[in-house]
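Numbering (UniProt numbering), first residue to last: 1 to 93. Glycine residues also receive a C-beta, built at the ideal position from the N, C-alpha and C atoms. As the structure is a computational prediction, the values presented were derived from the model and not from experiment.
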């Protein structure tokens, strides 16, 4: 007999797993913010003069930089989130 995919029982995460997930999320967000600042200093979000996107580009460039930093952090980033997670986990114990 086969069971539908959604029919398997869901095991709720333990408090330790919830805590680890929260710490990992915080570490990833911090890495994302750090990467966004690095990208800003690399002048990634600046307009390109006369042939740029104008006022609209200037207004929305920070969103682009943050989205790129978020994508980088979610893909593994530079390893900062993992180091932060390990340090935060050690402190919380």
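Beta-carbon gap between residue i and residue j smaller than 7 Å
i	j	result
residue 36	residue 69	yes
residue 31	residue 80	yes
residue 88	residue 23	yes
Where residue i falls, given that 16 or more other Cβ within 10 Å makes a residue buried
i	result
residue 85	buried
residue 77	buried
residue 73	buried
Three-state secondary structure (DSSP) of residue i
i	result
residue 44	coil
residue 81	helix
residue 76	coil
residue 93	coil
Heavy atom of the ligand MG within 6 Å of residue i beta-carbon
i	result
residue 84	Summarising the ligand content, the structure contains no ligands, and the ligand MG is consequently not present.
Alpha-carbon to alpha-carbon, residue j and residue i
i	j	result
residue 42	residue 29	20 Å
residue 18	residue 54	45 Å
residue 62	residue 82	25 Å
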